[in-house]
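Residue 47 in numbering that gives the first Met the number 0 sits at position 48 of the sequence shown, and the numbers go up by one each step.
From the three backbone atoms N, C-alpha and C, an ideal C-beta is built for every residue, glycine too.
Computed from a predicted structure; not experimentally measured.
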Amino acid sequence: MPIVRQLAQMGHPVLRRVAERIADPALPALRALVDDMLVTVADANGVGLAAPQVYEACRMIIIASRPNPRYPHAPEMEPTVMVNPELLRSSDEREHGWEGCLSIPGMRGLVSRYRKVGVRYQTREGVVREAEYEGFLARVFQHELDHLNGVLYVDRLESMLDLVTEKEYARQQQGGS
Ligand code: ZN
Numbered sequence: 000m001p002i003v004r005q006l007a008q009m010g011h012p013v014l015r016r017v018a019e020r021i022a023d024p025a026l027p028a029l030r031a032l033v034d035d036m037l038v039t040v041a042d043a044n045g046v047g048l049a050a051p052q053v054y055e056a057c058r059m060i061i062i063a064s065r066p067n068p069r070y071p072h073a074p075e076m077e078p079t080v081m082v083n084p085e086l087l088r089s090s091d092e093r094e095h096g097w098e099g100c101l102s103i104p105g106m107r108g109l110v111s112r113y114r115k116v117g118v119r120y121q122t123r124e125g126v127v128r129e130a131e132y133e134g135f136l137a138r139v140f141q142h143e144l145d146h147l148n149g150v151l152y153v154d155r156l157e158s159m160l161d162l163v164t165e166k167e168y169a170r171q172q173q174g175g176s
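Okay, here's the thing in C-alpha cells:
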C-alpha cells in the first residue's frame, strides 16, 4: 500500500543537493517511491512533487495539476511521472507567476519562468517521451526540475518584496488591499 511520505522542509540539506540520475526506472524500490509520491502530492494539495522533497535524492518528478484548495485555478491533468526529466527548449518569452512549495509552507513568491518549454523524460516503464508545456504547466515543470538541482523558488525571487505569506496572498487574490 502506498503511504503518504513526510515532506522535507526548507533548510534540510536534501533540498540543496543535485539529485542523482536514475539508471533503471523499473526497480521495485523506485516503483514504490512513485506510488508514495502520487498519494503524497494528492494528500498535500500539491500540483507537483520532486523526489528530494520526500528525502530521496534521485531525478524523478511528478506533475499533477488539478484545481485544489491551494491552486483553485490549476488546469486538470492526469498525474505525469517523469524520470530523469530534461529541459530541451524554452521560449524567449518569460512571465511572472505566483508559486508555492510544499517544502516552504505558508509562503508564496512571484517568480519569472519561461512561458513555454519542450521537455524530455522517461516514463516509469523507462520509455522516453517528449512533451511541450506552456503557462502554468511549464511553470510547474520548471519548479520541479529546479528541485532536482537543489534550487528553490525563493532563489529566483527578483526582490524580497515578491515574497508574501499564503494568508496575505489569499487576501490579495480576493481583491483585498
Ligand atoms: Zn517545490
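For the ligand ZN, any of its heavy atoms closer than 6 Å to the Cβ of residue i?
i	result
residue 100	yes
Is residue i helix, strand or coil by DSSP?
i	result
residue 51	helix
residue 38	helix
residue 31	helix
residue 172	helix
residue 159	helix
residue 4	coil
residue 84	strand
Taking its Cβ as the centre, do 16 or more other Cβ atoms sit within 10 Å of residue i, making it buried, or is it exposed?
i	result
residue 116	buried
residue 125	exposed
residue 10	exposed
residue 91	exposed
residue 48	buried
residue 95	exposed
residue 31	exposed
residue 4	buried
residue 40	buried
residue 64	buried
residue 87	exposed
residue 187	The structure shown has nothing for residue 187, since the chain only spans 0 to 176.
residue 52	buried
Comparing the C-beta of residue i with each C-beta of chain C, is any distance below 7 Å?
i	result
residue 41	Checking the listed chains, one finds no chain C in this structure; it contains a single protein chain.
Worksheet entry | Any 3 or more C-beta pairs closer than 8 Å across the stretch 99-107 and the stretch 79-88 | no
Practice prompt. Kindly confirm or deny that the stretch 119-134 and the stretch 144-161 touch, where touching means at least three C-beta pairs closer than 8 Å.
Written response: no
Worksheet item: Should the stretch 55-72 be regarded as contacting the stretch 133-147, the criterion being three or more beta carbon pairs within less than 8 Å?
Response: yes
Discussion item. In chain order, what are the residue ranges of uninterrupted beta strand (DSSP E) at least 3 long that sit wholly in the stretch 95-144?
Written reply: 106-113, 115-121 and 127-133
Discussion item. Between the stretch 107-115 and the stretch 10-27, can you find at least three pairs of beta-carbon atoms closer than 8 Å?
Written reply: no
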